[in-house]
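Anchor point for the sequence shown: position 79 equals 79 in full-length UniProt numbering, and the numbering is continuous, going up by one each time.
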Amino acid sequence: MVALNTLITFVVVAIIAILIFRVLGWALAPFIGNIIAGGLLYWLIDAMLMKLPWTFWDAIIVALFGIPGTIVIAICRALF
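This is the structure:
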């Protein structure tokens, strides 16, 4: 009886863990993709349009805001 309860508990915990990882994957995938795309956009702007010196604060802005953050950095560097 104890082995059956342990097996049932293990199966339930495994199902809950799989569901949690799936939901977190759905939530985090767009966020991580936005960060990667923001870094790629930063690199393209640096290579093709204007030189953008990579600073610590640029890295923080790109990591937090992704593509919109990169666009704001490029506009600010172009104007100021």
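Built from N, CA and C at the ideal position, the CB exists for glycine as well.
- request: Apply the 10 Å Cβ neighbour rule to I18 and answer buried if 16 or more other Cβ atoms are within range, or exposed otherwise.
  value: Taking the sequence shown and counting its residues from 1, the one referred to as residue 18 is at position 18. I18 is exposed by the Cβ-count criterion.
- prompt: How about the region 37-54 and the region 7-21: do they share at least three Cβ pairs that are nearer than 8 Å?
  reply: no
- request: Please work out which residues of its chain come closer than 7 Å, Cβ to Cβ, to A59, disregarding the five sequence neighbours upstream and downstream, and give them in chain order.
  value: On the sequence shown, position 59 is the one that residue 59 refers to. Closer than 7 Å at the Cβ level, and outside the excluded window around A59, lies no residue.
query: Where does M48 sit, in a helix, a strand or coil, going by DSSP?
result: For the purposes of this step, residue 48 is taken as the residue at position 48 of the sequence shown. Of the three classes helix, strand and coil, the one that applies to M48 here is helix, per DSSP.
- request: Label G69 either buried or exposed according to how many other C-beta atoms from any shown protein chain fall within 10 Å of its C-beta, with 16 as the threshold for buried.
  value: As a first step, residue 69 is located in the sequence shown; it is residue number 69 there, counting from the start. G69 should be labelled buried.
message: Assuming G69 is part of the alpha helix (DSSP H), what are its boundary residues?
response: Here residue 69 corresponds to residue number 69 of the sequence shown, with the count starting at 1. 67-79 is the extent of the alpha helix (DSSP H) around G69.
- prompt: What did DSSP end up calling W54 once you bin it into helix, strand or coil?
  reply: Numbered from 1 along the sequence shown, position 54 holds the residue referred to as residue 54. Three-state DSSP puts W54 in coil, outside helix and strand.
- prompt: Closest by CA to V62, which one among V12, G25, G33?
  reply: Taking the sequence shown and counting its residues from 1, one reaches residue 62 at position 62. Ranking the options by Cα distance to V62, first place goes to G33.
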